[in-house]
Amino acid sequence: MIFTPIIVVATLTGGITPLLLVPFALLLLLIATMPLSPPGLKHLWEKFYPAISLALGAGVAGFYLVKIPAGGTEIGHTLGEYFAFIALVGSLYVVAGGIHLKVKGEATPLANVVFLAVGAIIANLIGTTGASMVMIRPWIRMNKIRASPYHVVFFIFVVSNVGGALTPVGDPPLFLGFLRGVPFFWLIDHVMVQWLATLAAILAVFYGFDQRSYARMPAKIRHDVETHAETWRFDGAINVLFLLAVVGAVFLPEKLFLREAVMLGVALASWLLTPKEVHAENHFSFGPIKEVAWLFLGIFLTMMPALGYLAEHGQEFGFTRPLHYYFASGALSSVLDNAPTYANFFQLAQATTMAQAPAALAATANPAAITELLLTQHPLYVIGVSLGSVFFGAMTYIGNGPNFMVKAIAHDAGVHCPTFFGYIFKYSLPVLLPILAVSGWLFL
Numbered sequence: 139m140i141f142t143p144i145i146v147v148a149t150l151t152g153g154i155t156p157l158l159l160v161p162f163a164l165l166l167l168l169i170a171t172m173p174l175s176p177p178g179l180k181h182l183w184e185k186f187y188p189a190i191s192l193a194l195g196a197g198v199a200g201f202y203l204v205k206i207p208a209g210g211t212e213i214g215h216t217l218g219e220y221f222a223f224i225a226l227v228g229s230l231y232v233v234a235g236g237i238h239l240k241v242k243g244e245a246t247p248l249a250n251v252v253f254l255a256v257g258a259i260i261a262n263l264i265g266t267t268g269a270s271m272v273m274i275r276p277w278i279r280m281n282k283i284r285a286s287p288y289h290v291v292f293f294i295f296v297v298s299n300v301g302g303a304l305t306p307v308g309d310p311p312l313f314l315g316f317l318r319g320v321p322f323f324w325l326i327d328h329v330m331v332q333w334l335a336t337l338a339a340i341l342a343v344f345y346g347f348d349q350r351s352y353a354r355m356p357a358k359i360r361h362d363v364e365t366h367a368e369t370w371r372f373d374g375a376i377n378v379l380f381l382l383a384v385v386g387a388v389f390l391p392e393k394l395f396l397r398e399a400v401m402l403g404v405a406l407a408s409w410l411l412t413p414k415e416v417h418a419e420n421h422f423s424f425g426p427i428k429e430v431a432w433l434f435l436g437i438f439l440t441m442m443p444a445l446g447y448l449a450e451h452g453q454e455f456g457f458t459r460p461l462h463y464y465f466a467s468g469a470l471s472s473v474l475d476n477a478p479t480y481a482n483f484f485q486l487a488q489a490t491t492m493a494q495a496p497a498a499l500a501a502t503a504n505p506a507a508i509t510e511l512l513l514t515q516h517p518l519y520v521i522g523v524s525l526g527s528v529f530f531g532a533m534t535y536i537g538n539g540p541n542f543m544v545k546a547i548a549h550d551a552g553v554h555c556p557t558f559f560g561y562i563f564k565y566s567l568p569v570l571l572p573i574l575a576v577s578g579w580l581f582l
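Heads up: the sequence shown is residues 139 to 582, going by my numbering.
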């Protein structure tokens with residue numbers, strides 16, 4: 139075990155200590171920094187990240203098996219959640235990879251706004267990753283004459299992040315909430331107005347950017363754009379049915395992994411029945427989902443001490459207002475993956491609720507009862523964690539998985555993309571952050 143010193147110290151001091159958080163913090167640090175490292179280090183990371191993730195997770199799991207009471211049960215529960223998580227994300231990725239949109243023509247600013255708005259809605263049906271992969275190439279093609287960095291940035295803002303804030307299918311952190319007892323349609327009932335207002339503000343700013351760019355085009359080209367209709371072609375229509383099947387499977391019983399078996403079966407059917415030309419047009423590969431599977435196995439296992447520590451000491455953090463959860467989860471989600479961010483702050487909200495719960499309920503420690511109490515007494519805490527984790531994932535390229543994938547596809551298509559810090563200082567800090575801050579202050 140590479141974390142034997144940590145395990146020994148934790149054992150000597152008894153129970154879960156902050157030292158056991160080191161594997162979790164180290165893995166997240168590696169995920170955030172290695173893609174930005176020099177080519178040599180980046181190559182080593184790309185070659186060995188499965189082994190690193192597995193080693194870190196195994197070190198924590200070994201400690202739980204040896205030193206934590208009921209540690210085996212905790213590991214089993216964690217692996218069950220991981221399997222459910224990866225089955226949903228993986229099946230959506232495969233099915234979305236079988237859908238291809240072709241577009242010819244150049245879009246007006248209004249057409250671009252409509253396209254992004256539709257992408258935001260679709261993100262709630264096939265996930266931000268699926269929607270990003272389906273729509274980024276048509277987005278580039280319909281703006282081929284004047285594709286600019288801001289086209290890439292606002293696509294990431296809307297389709298890859300903010301759009302998918304309404305359903306557990308929309309973004310991975312929300313599915314973790316669903317697994318912890320948040321009803322499927324709970325967020326739609328509680329955040330629709332805030333989601334619409336935030337999305338409208340982002341699209342309004344984008345329209346200003348795009349209208350200025352459009353006005354600079356020669357008059358003849360603008361005339362051609364406005365008088366020649368765009369043509370669209372939709373390939374892989376059978377995968378719409380498969381997407382509905384995946385979403386429907388979310389509601390199946392958890393027993394015997396029936397839900398996950400149906401999702402994986404649908405993904406297999408999609409892979410076998412989708413014409414190879416469609417996969418070729420989408421440049422589809424299993425590389426991205428393989429990376430997600432390995433890294434999240436390590437994240438789920440190393441995250442156990444963090445969740446346990448928050449359960450024991452969460453009330454000491456003094457988070458008593460929804461805005462605390464919104465901005466704190468948002469700050470962490472900006473630089474780390476938003477799924478573990480959600481899990482940790484959701485645990486913190488549960489711990490705060492438990493500290494105020496009647497002694498009889500606190501003694502039972504029933505997860506379903508705790509979540510129900512949280513949703514009843516502190517719904518704004520859950521909203522703050524949910525929207526903070528999802529919205530702020532757009533603040534950097536490393537805040538959410540699809541962000542870097544969109545950047546890579548745009549770069550390969552010849553679109554100039556902002557640098558890591560250019561993205562932050564030119565767009566997310568001056569444009570996105572004020573919108574998200576006002577949204578939080580108005581609604582939370």
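Note that CB positions come from ideal geometry on N, CA and C, so glycine has one too.
query                                                                                                                                                             : result
Output the distance between the C-alpha atoms of A575 and L525, rounded to the nearest integer angstrom.                                                          : 11 Å
Quick check: the Cα distance between M139 and L157, rounded to an integer number of angstroms?                                                                    : For M139, the predicted model reports a pLDDT of 33, less than 50, meaning its position is unreliable; a value from the coordinates is still stated below. Distance between the alpha carbons of M139 and L157: 15 Å.
Give the secondary structure of D309 by DSSP, where H, G and I count as helix, E and B as strand, and everything else as coil.                                    : coil
Tell me the residue span of the alpha helix (DSSP H) that contains P585.                                                                                          : With the chain running from 139 to 582 in the structure shown, residue 585 is simply not present.
I need the boundaries of the alpha helix (DSSP H) containing A170, first residue and last residue.                                                                : 160 to 171
Taking the alpha helix (DSSP H) that P321 belongs to, which residues open and close that run?                                                                     : Premise fails: P321 is in no alpha helix (DSSP H) and is neither H nor E.
Since E419 is in the alpha helix (DSSP H), which residue starts that stretch and which ends it?                                                                   : 414 to 419
How would you write the range of the alpha helix (DSSP H) that H549 sits in, first residue to last?                                                               : 539 to 550
Whose C-alpha, out of N538, H549, F484, is nearest the C-alpha of V520?                                                                                           : F484
Quick check: the stretch 192 to 211 against the stretch 266 to 279, are at least 3 beta-carbon pairs closer than 8 Å?                                             : no
Applying the 10 Å Cβ sphere with the 16-neighbour rule, what's the burial state of F530?                                                                          : buried
State the Cα-Cα distance for the pair I206 and V198, rounded to the nearest angstrom.                                                                             : 11 Å
What are the boundary residues of the alpha helix (DSSP H) that L254 is part of?                                                                                  : 247 to 280
For Y187 and A222, what's the separation of their Cα atoms in angstroms?                                                                                          : 22 Å
Quick one: residues in its chain with C-beta nearer than 7 Å to the C-beta of L402, no 5 flanking neighbours on either side, listed in chain order?               : A225, S229
Determine whether the beta carbon atoms of D373 and H549 lie at a separation below 8 Å.                                                                           : no
Touch check for the stretch 262 to 269 and the stretch 284 to 295: three-plus C-beta pairs under 8 Å?                                                             : no
Considering only their Cβ atoms, is the gap separating L486 from F455 smaller than 8 Å?                                                                           : yes
Using the C-alpha atoms, what's the distance from A506 back to F559?                                                                                              : 42 Å
What are the boundary residues of the alpha helix (DSSP H) that S471 is part of?                                                                                  : 460 to 473
What are the partner residues of K240, as DSSP defines its beta bridges?                                                                                          : R371
V233 and V388: beta carbons closer than 8 Å?                                                                                                                      : no
Report buried or exposed for S566, applying the criterion of at least 16 other Cβ atoms within 10 angstroms of its Cβ.                                            : buried
Please list, in chain order, all residues of the same chain as E429 whose beta carbon is under 8 Å from its beta carbon, the five residues on each side excluded. : Y187
Which same chain residues, not among the five before or five after F542, have their C-beta less than 6 Å away from its C-beta?                                    : Y535
Looking at the secondary structure, which residues open and close the alpha helix (DSSP H) in which T534 lies?                                                    : Careful: T534 lies outside any alpha helix (DSSP H) and carries neither H nor E.
Looking at the unbroken alpha helix (DSSP H) that takes in E392, where does it start and where does it end?                                                       : Unbroken run through E392: none, as it is neither H nor E.
Relative to the C-alpha of E415, which residue among Q494, L334, G235, G214 is closest?                                                                           : G235
Which whole-angstrom value describes the C-beta separation of S423 and F380, a residue pair presumed to lie in contact below a C-beta threshold of 8 Å?           : In fact, because the Cβ distance is near 19 Å, the residues do not count as touching under 8 Å.
A466 and F457 - do their beta-carbons sit closer together than 8 Å?                                                                                               : yes
Output yes or no for whether 8 Å exceeds the beta carbon distance between Y480 and G214.                                                                          : no
Can you look up Q494 in the DSSP assignment and give me helix, strand or coil?                                                                                    : coil
In terms of residue numbering, what span does the alpha helix (DSSP H) encompassing L574 cover?                                                                   : 571 to 581
If you draw a straight line from the C-alpha of P391 to the C-alpha of P247, how long is it?                                                                      : 45 Å
What separation, rounded to the nearest whole angstrom, lies between the Cα atoms of L179 and F201?                                                               : 30 Å
First and last residue of the alpha helix (DSSP H) that includes T595?                                                                                            : Because the chain in this structure spans residues 139 to 582, residue 595 falls outside the shown range and cannot be described.
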